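Enquirer: Here it is, the structure, as structure tokens.
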Amino acid sequence: MGRDKLLQRSLVALAGVVVITGVVTASLWKAAVTYGFGILAIAGVLLPDWEFFDRDYSQWITPMPASRRTAAAAAADREHDVWNVSSLAE
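Okay, here's the thing in structure tokens:
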């Protein structure tokens with residue numbers, strides 16, 4: 003499962019937990035706090051680019067070389083690009 007799909011499922015599950023928390027406790031404050039902690043937890047696990055942070059910390063301020071991505075991965079990203087206007091011209 004891709005990271006995007008996992009992120010989507012995590013956010014939907016969090017929404018369910020927030021609704022259940024709000025209904026069971028009848029507290030909007032507790033629902034909001036649950037949502038805030040959930041978003042921070044999901045962001046902490048799914049969003050960081052771990053390949054970037056696995057490098058020595060002194061190299062974090064320099065960009066990663068483009069050679070780490072394969073040409074096939076780059077082509078696949080361009081193929082699904084919503085803003086790709088070259089496909090509209092054909």
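Under the working numbering, the first residue of the sequence shown is numbered 3, with each subsequent residue one higher.
C-beta atoms are modelled at their ideal positions from N, C-alpha and C, and glycine is treated no differently.
Predicted, not measured: the structure shown is a model, and the values here were computed from it.
(1) Buried or exposed for A43, going by 16 or more other Cβ atoms inside 10 Å?
(2) I need the boundaries of the alpha helix (DSSP H) containing I41, first residue and last residue.
(3) Assuming the contact rule is C-beta atoms closer than 8 Å, L16 and G24 should be a hit. Round their C-beta distance to whole Å, please.
(4) With a 10 Å radius around its C-beta and 16 neighbouring C-beta atoms as the bar for buried, classify V20 as buried or exposed.
(5) Return helix, strand or coil for I22, following the three-state DSSP convention.
Expert: So, from the data block:
(1) Residue environment for A43: exposed (fewer than 16 other C-beta atoms within 10 angstroms of its C-beta).
(2) L30 to L48 is the span of the alpha helix (DSSP H), which, as asked, contains I41.
(3) Incorrect: roughly 12 Å between the Cβ atoms, too far for contact.
(4) Using a 10 angstroms sphere on the CB of V20, the tally of other CB atoms reaches 16 or more, which defines it as buried.
(5) Residue state, collapsed to three classes: helix.
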